[in-house]
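Enquirer: In the order they appear, the protein sequences are chains X and H. If you read the first sequence in the numbering used here, its first letter stands for residue 4, the second for the next number, and so on. If you read the second sequence in the numbering used here, its first letter stands for residue 4, the second for the next number, and so on. Here you go, one structure.
There are 2 protein chains.
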Amino acid sequence: MNEEVFKFSLNCPLPITDYKHVSLAHGGGGSLSKNLIQKIFYPQFENEILLAEGDSAILNGGSKKIAFTTDSYVVNPIFFPGGNIGELAVNGTVNDLAVSGAEPRYISAAFILEEGFPIDELWEIVLSMKEAAKKAGVTIVTGDTKVVDKGKGDKVFINTAGIGFQRDGIDIAPENIRVGDKVIINGNIAEHGIAIMASREGLNFKSPIKSDTAALNGLIQEALDFTNEIHMMRDPTRGGLASSLNEIAEKGGKKILIYEDKLPLAPEAAAACELLGLDPLYLANEGKALFFVGAEQAEGVLQTMRKNPLGKNARIIGEVVEGGASVVMKTKIGSSRIVDMISGEQLPRIC
Amino acid sequence: MNEEVFKFSLNCPLPITDYKHVSLAHGGGGSLSKNLIQKIFYPQFENEILLAEGDSAILNGGSKKIAFTTDSYVVNPIFFPGGNIGELAVNGTVNDLAVSGAEPRYISAAFILEEGFPIDELWEIVLSMKEAAKKAGVTIVTGDTKVVDKGKGDKVFINTAGIGFQRDGIDIAPENIRVGDKVIINGNIAEHGIAIMASREGLNFKSPIKSDTAALNGLIQEALDFTNEIHMMRDPTRGGLASSLNEIAEKGGKKILIYEDKLPLAPEAAAACELLGLDPLYLANEGKALFFVGAEQAEGVLQTMRKNPLGKNARIIGEVVEGGASVVMKTKIGSSRIVDMISGEQLPRIC
């Protein structure tokens, strides 16, 4: 909890003595629901579209194609090193739009609260959503609040859906990757997964690893301003780098080769993975994207990214090569290893 | 469970012997997640946009304004007389778009499943979402699946967000209601609330009252084809008729007078309310909308609606009169009663 948030927490506008915790009536559609919405959500997410309070938000269209995405967030714990469920929900949806080649614009926020959830924790989450939305340049234009009885939910689940407008002149799809394309990632892998795992297990590392949650639309825009020769992008969240690469290889019908010694992995993260027996290739990222870039433009994209704080550790980690749909890693000792999709997930409720 | 659904259930494409219940790994982003999505969701919701499997669905835009809405559904029980959580989630979001004056077009579907939830129940829900979407003429273009550990959710929660395009020439807003406007509802009130309540409490009425869940976009389109003089529409769901009227009166700064003897209430519903001590004004509806219509067009709108099965019991139930923001009911015995907004909800988890 940083100082600014704490200061705001003290000013949480619902009289805490009256409503210290969420009650079922806060989700009932009556005046208590209204109270929660008008005192907690509206003042923070304030904008004309939201405050029109219609059954739908009314947005200006345009001739561009619309990108539309949704994700529910059930991460446990809801507060973790480097962030909380609220900013994760905003950033995650922003990133899903951005990697589709769209400029993220509008976000919805739907809360499922468990009866008894502390109002001041909700307040802190809402503040961080406001900040995340501001940072990403998106507006929270519509929302919903439901309350479930104690023991039928887990504190708070948040769904965010998002709308963006497609950028002209690009075509992002796994089918577009070509032999020779370089695979770039904008920085260190596995940090969100490790942060959640460590915080869930109560592990205290000397230098705690923080979630990398961040909105990547700015970074992606800079890369696309540099070249249209970006053929595919994806944010490797649940299931990690390995799962995203496998999905792309399969859909694109190509072989992707990655180099173990090029993978950006912080020494603390490598140590944590060793200690916990986790494979960083399968751990979730929340502020990373994979870029498949034409060979001639790859170095330029890399240099462009490195000027942005979110890309300062960007690397070319592999390339698309001749061969059937598969992901293969050249290991540090020079051997080759097939990188499979795992069947489950090392860590449930990672996002 | 109707026969057709049951037949499909038997053909549930996941080998039930292997995966009779949802496991945490079904939400992990690995191959089990993929299996669930590709075998359960894709074949039913099939359309090109969804099957592109991008991080966002890519939709054609246009010059029209965009309506955008979201709702999470946590109804308990998930199967109830007249419907289930899946069709409720589709119809509810369709209706939120339609009452905003938009033509509903695209829907997202995000599932939060509890570990151990029977796959065949999920299958039945998905089938009914497919049917509901087809009936309403909307396409399910993007989605998400998360799984939470047993005891941290309640079977299934569904979020649907929706996108529609605004109809030209109309302006729907509570601020637009005028003195003289007639208030029309398209049929019997309180039936969703009673159906949920009865089913939750295990009550068996002789003639069971069914949820009125339905997509109203067709009916609304017919009304708007008849006249642009519809100033406001709203679907009185959570909190019922009383809460929606109060919201409109407050936002519009007008007095709304309704007549108790004009309220369409089935005799079985009236009896159930009496038995259970419930006020039908506060009970949820899921296939009803309120229309504020210019006095001269009201009769025509009424006759138009009555030609549609979803409006066959439409009634003029009240009007906007001189006076401060309030809702007043003229009772059957001739007295006047202020209709307040309730503070909580008679029934939690009604939708």
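Just so it is clear, CB atoms sit at the ideal spot from N, CA and C, and this is done for glycine as well.
Closest to serine 338 of chain H by CA distance: which of H/Glu263, H/Leu313, H/Cys354, H/Thr307 is it?
Expert: For serine 338 of chain H, the nearest C-alpha among the options comes from H/Glu263.
Enquirer: Contact criterion: CB-CB distance below 8 Å. Does threonine 145 of chain H meet it with respect to chain X?
Expert: By this cut-off, threonine 145 of chain H is an interface position.
Enquirer: Report all residues from its chain with a CB closer than 6 Å to the CB of alanine 193 of chain X; omit the five preceding and five following residues, and keep chain order.
Expert: The residues are Ala272, Pro283, Leu286.
Enquirer: So what does DSSP say about glutamate 7 of chain X, is it helix, strand or coil?
Expert: Legend: pLDDT at glutamate 7 of chain X = 37, less than 50; position of this residue unreliable, no value from coordinates given.
Enquirer: Can leucine 222 of chain H be considered in contact with the ligand MN, in the sense that its beta carbon sits closer than 7 Å to one or more heavy atoms?
Expert: The ligand MN is absent from the structure shown, which contains no ligand whatsoever.
Enquirer: Taking only beta-carbon atoms, is asparagine 189 of chain X less than 8 Å away from chain H?
Expert: Judged by the 8 Å Cβ criterion, asparagine 189 of chain X is not in contact with chain H.
Enquirer: Relative to the C-alpha of threonine 96 of chain X, which residue among X/Ile43, X/Met236, X/Glu118, X/Ser75 is closest?
Expert: Out of X/Ile43, X/Met236, X/Glu118, X/Ser75, X/Ser75 has the C-alpha closest to the C-alpha of threonine 96 of chain X.
Enquirer: Thinking C-beta only, is serine 210 of chain X closer than 8 Å to phenylalanine 83 of chain X?
Expert: It is not a contact, given that the beta carbons lie outside the stated cut-off.
Enquirer: For arginine 309 of chain X, report the span of its alpha helix (DSSP H) as first-last.
Expert: Looking at the DSSP string, the run of the alpha helix (DSSP H) that includes arginine 309 of chain X is 298-309.
Enquirer: What whole-angstrom Cβ distance do arginine 1 of chain X and isoleucine 188 of chain X have, given they're in contact under 8 Å?
Expert: This structure cannot settle anything about residue 1 of chain X, because the visible part of chain X is limited to 4 through 354.
Enquirer: So that I know if they touch, is there some Cβ in chain H lying closer than 8 Å to that of threonine 20 of chain X?
Expert: With a pLDDT of only 42 at threonine 20 of chain X, under the threshold of 50, the placement of this residue in the model should not be trusted, and no figure is reported.
Enquirer: Report yes or no: is there a C-beta of chain H within less than 8 Å of the C-beta of aspartate 123 of chain X?
Expert: Aspartate 123 of chain X does not count as touching chain H.
Enquirer: Quick test of the definition: if touching needs 3 or more C-beta pairs under 8 Å, does the segment 158-167 of chain X touch the segment 96-111 of chain X?
Expert: The answer is yes - the segment 96-111 of chain X touches the segment 158-167 of chain X, with three or more Cβ pairs under 8 Å.
Enquirer: With distances taken Cα to Cα, identify the nearest neighbour of lysine 258 of chain X among X/Gly57, X/Asp184, X/Ile52, X/Val25.
Expert: Checking every option, the nearest Cα to that of lysine 258 of chain X belongs to X/Asp184.
Enquirer: What's the call for valine 323 of chain H, buried or exposed, on a 16-neighbour Cβ count within 10 Å?
Expert: Valine 323 of chain H comes out buried.
Enquirer: Comparing the C-beta of isoleucine 166 of chain X with each C-beta of chain H, is any distance below 8 Å?
Expert: Cβ-Cβ to chain H under 8 Å: yes for isoleucine 166 of chain X.
Enquirer: Could you spell out where the alpha helix (DSSP H) holding glycine 196 of chain X opens and where it closes?
Expert: From DSSP, the alpha helix (DSSP H) with glycine 196 of chain X extends over 194-204.
Enquirer: Grab me the residues of phenylalanine 9 of chain X's own chain with a C-beta within less than 6 Å of its C-beta, minus the 5 sequence neighbours each way, in chain order.
Expert: Model confidence at phenylalanine 9 of chain X stands at a pLDDT of 37, short of 50, so the residue's coordinates are unreliable and nothing is read from them.
Enquirer: Assign proline 270 of chain X to one of three DSSP states: helix, strand, or coil.
Expert: Proline 270 of chain X: helix per DSSP, three-state reduction.
Enquirer: In whole angstroms, what is the alpha-carbon distance linking glycine 321 of chain X and leucine 266 of chain X?
Expert: Approximately 9 Å between the Cα atoms of the pair.
Enquirer: Chain H partners of aspartate 152 of chain X, CB-CB under 9 Å?
Expert: What aspartate 152 of chain X touches in chain H: Asn79, Asp157, Pro351, Arg352.
Enquirer: Between the segment 290-301 of chain X and the segment 232-240 of chain X, can you find at least three pairs of beta-carbon atoms closer than 8 Å?
Expert: Output reads yes: the segment 290-301 of chain X touches the segment 232-240 of chain X.
Enquirer: Below 9 Å between beta carbons is the criterion; list the residues of the segment 57-80 of chain X that meet it against any residue of chain H, in chain order.
Expert: So the close ones are Gly57, Asp58, Ser59, Ala60, Ile61, Leu62, Asn63, Gly64, Gly65, Ser66, Lys67, Lys68, Ile69, Ala70, Phe71, Thr72, Thr73, Asp74, Ser75, Tyr76, Val77, Asn79.
Enquirer: Check whether the Cβ atoms of arginine 340 of chain X and valine 151 of chain H sit closer than 8 Å, and answer yes or no.
Expert: Going by C-beta atoms, arginine 340 of chain X is not nearer than 8 Å to valine 151 of chain H.
Enquirer: If the cut-off is 7 Å on Cβ atoms, which residues from the segment 91-104 of chain X count as contacting chain H, listed in chain order?
Expert: Listed by position, the residues of the segment 91-104 of chain X near chain H (Cβ gap below 7 Å) are Asp99, Leu100, Val102, Ser103.
Enquirer: Indicate whether threonine 142 of chain X and alanine 135 of chain X have their beta-carbon atoms separated by less than 8 Å.
Expert: Not a contact, by the Cβ cut-off of 8 Å.
Enquirer: Mark glycine 314 of chain X as exposed unless 16 or more other C-beta atoms lie within 10 angstroms of its C-beta, in which case mark it buried.
Expert: So glycine 314 of chain X ends up on the buried side.
Enquirer: So what does methionine 332 of chain X bridge to, in DSSP terms?
Expert: According to DSSP, which records beta bridges pairwise, methionine 332 of chain X is partnered with X/Ile261, X/Arg340.
Enquirer: Roughly how many angstroms separate the alpha carbons of threonine 145 of chain H and glutamate 277 of chain H, rounded to a whole number?
Expert: Whole-angstrom Cα-Cα distance: 44 Å.
Enquirer: Does leucine 286 of chain X come out as helix, strand or coil in the three-state DSSP assignment?
Expert: Reduced to three states, the DSSP call for leucine 286 of chain X is coil.
Enquirer: Can a CB atom of chain H be found closer than 8 Å to the CB of lysine 257 of chain X?
Expert: No, its Cβ sits nowhere closer than 8 Å to a Cβ of chain H.
Enquirer: Of all the options X/Ser346, X/Gly290, X/Ile251, which has the alpha carbon lying nearest to the alpha carbon of valine 331 of chain X?
Expert: Minimum Cα distance to valine 331 of chain X is reached at X/Ile251.
Enquirer: List the DSSP bridge partners of serine 111 of chain H.
Expert: Looking at the DSSP assignment, serine 111 of chain H forms a beta bridge with H/Thr145.
Enquirer: Whole angstroms is fine: what's the gap from glycine 410 of chain X's alpha carbon to asparagine 98 of chain H's?
Expert: Absent from the model: residue 410 of chain X. The displayed extent of chain X is 4 to 354, so no value can be given.
Enquirer: Using a Cβ-Cβ distance cut-off of 8 Å, determine whether lysine 149 of chain H contacts chain X.
Expert: Yes - at least one Cβ of chain X is within 8 Å of the one on lysine 149 of chain H.
Enquirer: Hey, is alanine 226 of chain X's beta-carbon within less than 8 Å of any beta-carbon in chain H?
Expert: Chain H contact via Cβ: absent.
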